[in-house]
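Take a look at the structure below.
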Amino acid sequence: MKPIDLFESIGELDEKTLQKCRKVKSQRKLPRWMGAVAAILAVALLCGYFLYPRGKVLTAYAIAEAVYPEMAPYPNESSPNLSGEYDAWRASVKAQEQPDGYSDGLEGFFANSIREFLSGQAGENRAYAPVNVYLALGMLAELTGGSTRQEILDVLGADSMEALRTQANAVWNAHYRNDGMTTSILGSSLWLNQDISYVPETMKILAENYYASSFQGEMGSEDFNKALQDWLDAQTGGLLQDQIQGLELKPETVLALATTIYFQAKWQTEFSPEATIPGTFHALTADLTCDFMHSSTDNSYCWGDNFGAVGLPLGNDGGTMWIVLPDEGQDVDTLLDSQEVMDFLLSKGSWENQKRLMVHLSLPKFDISTQQDLCQGLENLGLSEVFTGAGDFSPMTTQAKEITLTQATHGVRVAIDEEGVSAAAYTLMALAGGAPAVEDEIDFVVDRPFLFAITSPNGLPLFVGIVHTPC
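Structure, rendered in structure tokens:
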């Protein structure tokens, strides 16, 4: 039996009245990635390995379990069958590739949301995961209907639900990689209240297009909260164990959706640890002493009217990390208002103003984490009905009334060192009821606030951020 067929076993259960919840305003900045949550719908995108737990507590609640694509491991260079293993690896990578144009139409949402969610906090480190929020809103659209759904489609730039499902599934598969060298895994799960009945067809759609596993139990109970924590902890490889321990679903929760992503890749050419030395970073309010990595490589240098940029390739077609440095005297925050910068970030590596140079790069190591409340930004982008209690959530359930989006929190962590990059993000949604001179070589010294973007092999922006204080 296919996992999605098991959704048919969801029976009609006794009705439970949903109490209308007060609107919760999230803190702009928390000491932990994720605090305690009162959620009807939770969409969490976190850093982690796909290590699916098989504990008795979790298994007891399982209704359906997603089956992920299998990938051949990247071959060991000492293998006696190197050629054959490489062919198998390449074939499995190719199997995840999507048709040309699969991401067409996402540029508007990416550009608008990058501006919306990175602007406004001068001097603070900020980060945002565009693909994360896109998939979260896609899943939210599946739970809504009528004009409520249309608002979400308009924000995402989708013509119809059918088009959104096709594109979301393509985005999921295009960004799935688990070959031992590059890891990019998106997981999702449904956490269902045993006292509420749900529309099986909607559950099937989420399973088919978002690879959603499902679990059902007593909301707010210690065991069910433990099952959720175990699932998230396994998906994140124990990296966020302390934060996950504080995650709970309240008894009035109707439905929780948890999605996870883990991204980790090594540089194509690693930095030498011996070349990492202290240096001065000119932050907005003070000079900081940070550890700077150094390299000299033949690379493409890109530029615009008020910025320069270099890309750091990730190994084995793992994507690229772009470092975008504003020109001297330019505020890094003004780059967000530049259409040219947005065009560059979404150019998928095809940029007219670029030249191959010997780039002498000085880049500070950093490990930043940020959190922000998305509610106002989502309203600014065009959503309204999900916040009023008048939204149509009938595709999810017809039992609970006046369902309202009370919390939408987005947290991101990005870290780089000599070996590579690790990045993670989560989105939590709670529903209650002048051009530089072109030379043969260039010193690219990142010693002042800068913009970065981690793009997938397809060129889509997985993470975008501003670093004001790397250390």
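Each residue of the sequence shown is one higher than the one before, counting from 11 in our numbering.
Where is the CB? At the ideal position from N, CA and C, for every residue including glycine.
Looking at residue i: is its Cβ nearer than 8 Å to the Cβ of residue j?
{"i": "GLU451", "j": "SER282", "result": "no"}
{"i": "PRO480", "j": "PRO336", "result": "no"}
{"i": "PRO471", "j": "PHE127", "result": "no"}
{"i": "LEU145", "j": "THR269", "result": "yes"}
{"i": "ASP343", "j": "ILE124", "result": "no"}
{"i": "VAL264", "j": "ILE215", "result": "no"}
{"i": "GLY325", "j": "THR193", "result": "no"}
{"i": "TYR186", "j": "GLN106", "result": "yes"}
{"i": "VAL165", "j": "PRO405", "result": "no"}
{"i": "SER348", "j": "ASN309", "result": "no"}
{"i": "ALA463", "j": "VAL456", "result": "no"}
{"i": "SER198", "j": "LEU267", "result": "yes"}
{"i": "SER306", "j": "MET229", "result": "no"}
{"i": "ASN188", "j": "ILE195", "result": "yes"}
{"i": "VAL422", "j": "ALA139", "result": "yes"}
Should residue i be labelled buried (16 or more other beta-carbon atoms within 10 Å of its own) or exposed?
{"i": "HIS478", "result": "buried"}
{"i": "TYR272", "result": "buried"}
{"i": "GLY94", "result": "exposed"}
{"i": "GLU258", "result": "buried"}
{"i": "GLU80", "result": "exposed"}
{"i": "SER113", "result": "buried"}
{"i": "ARG366", "result": "exposed"}
{"i": "VAL431", "result": "buried"}
Would DSSP call residue i helix, strand or coil?
{"i": "GLN299", "result": "First, the residue type needs correcting, since residue 299 is Thr and not Gln in the sequence shown. Three-state DSSP puts THR299 in a strand."}
{"i": "THR479", "result": "coil"}
{"i": "SER157", "result": "helix"}
{"i": "LEU472", "result": "strand"}
{"i": "TYR208", "result": "coil"}
{"i": "LYS33", "result": "Because LYS33 sits at a pLDDT of 35, beneath the cut-off of 50, its placement in the model cannot be relied upon, and the following sentence gives the value as read from the coordinates. Note: LYS33 maps to coil in three-state DSSP."}
{"i": "VAL342", "result": "helix"}
{"i": "VAL456", "result": "coil"}
{"i": "SER200", "result": "With the sequence shown as reference, residue 200 is identified as Leu, and Ser is not the correct amino acid for it. Strand."}
{"i": "ALA293", "result": "coil"}
{"i": "ILE162", "result": "helix"}
{"i": "THR176", "result": "helix"}
{"i": "ALA237", "result": "helix"}
{"i": "GLN409", "result": "coil"}
{"i": "ALA425", "result": "strand"}
{"i": "LEU461", "result": "strand"}
{"i": "GLU350", "result": "helix"}
Open item on the list: Quick check for students: name the residue ranges of the beta strand (DSSP E) that lie wholly in the stretch 356 to 405, counting only runs of 3 or more.
Closed with: Runs found: 364 to 374, 376 to 383.
Task: Sequence ranges, beta strand (DSSP E) only - wholly within the stretch 64 to 110, length at least 3 - done: Listed in chain order, they are 72 to 74.
- [ ] Write down every uninterrupted run of the beta strand (DSSP E) in the stretch 116 to 140 whose length is 3 residues or greater and which is fully enclosed by it, in chain order.
- [x] Contiguous beta strand (DSSP E) elements confined to the stretch 116 to 140 occur at 136 to 138, taking only those with 3 or more residues.
Open item on the list: With three or more beta-carbon pairs closer than 8 Å as the criterion, would you say the stretch 410 to 422 touches the stretch 389 to 400?
Closed with: Segments in contact, yes.
Task: Three or more C-beta pairs below 8 Å linking the stretch 380 to 388 and the stretch 398 to 409 - done: Verdict: no, contact absent.
- [ ] Output the residue ranges of the beta strand (DSSP E) runs that lie fully inside the stretch 301 to 332 and measure 3 residues or longer, sorted by chain position.
- [x] Complete beta strand (DSSP E) runs here, min 3: 317 to 323.
Task: Cβ contact check for the stretch 173 to 182 and the stretch 210 to 228: 3 or more pairs under 8 Å - done: The count of Cβ pairs closer than 8 Å, one atom from the stretch 173 to 182 and one from the stretch 210 to 228, reaches three, so the stretches are in contact.
- [ ] Pick out the complete alpha helix (DSSP H) segments inside the stretch 242 to 288, 4 residues or longer, and give them in chain order.
- [x] Entirely contained in the stretch 242 to 288, the alpha helix (DSSP H) runs reaching 4 residues are, in chain order, 251 to 254.
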